[in-house]
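Mind the numbering: the sequence shown is residues 19 to 120 in this note's numbering, read in order. Yeah, the Cβ is synthetic: ideal placement off N, Cα and C, and Gly gets one too. The structure displayed is predicted, hence computed values, not measured ones. Let me begin by presenting the structure, written as structure tokens, before commenting on it.
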Amino acid sequence: MFTILKTDRLKRKFPTNFCKFVYDLKPENMFDTIDIDRTKLTIMGVKFSDLKTLESTANALGSNMFEGFKPTPKGIEIIRDYVMGKISLNEFVKFAKEKAYV
């Protein structure tokens, strides 16, 4: 919950940065959403074999998105394969360095 003071009062205290700060606090500017379908077991159209793997991958994505990561279907496949043990940590790091997730 945010407490918003009257704009004119805050503008006097913070004349240059206040408007941008308030704009940045709007929910639509704070995070992006992605399509997760727990019934079809998909994230952005990428299929998962079970709900546990989907949720683990979704949690990893959420943490990274909070830090600015923009997921792509290819990136989700790579994370899914790492969570499932199909690729090693070294391979995962290699893909990240090569930006193979784009």
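- Inclusion of V64 and I94 in the CB contact set at 7 Å is warranted, their separation being smaller than that value.
- Contact between R56 and L72 holds: their C-beta atoms lie close to 7 Å from each other, under 8 Å.
- For I96, the uninterrupted alpha helix (DSSP H) run begins and ends at 91-101, by DSSP.
- No Cβ-Cβ contact shorter than 7 Å links T60 with V101.
- Shown here, T60 sits in a strand according to DSSP, grouped into three states.
- Short of 7 Å from the beta carbon of T90, and not among the five residues preceding or following it, lie these beta carbons of its own chain, in chain order: Y119, V120.
- The Cβ atoms of D68 and M62 do not sit closer than 7 Å to each other.
- 7 Å or more divides the Cβ of F84 from the Cβ of I96.
- Within the DSSP secondary-structure output, K65 pairs in a beta bridge with T60.
- Under DSSP, D55 takes part in a beta bridge, and its partners are T60.
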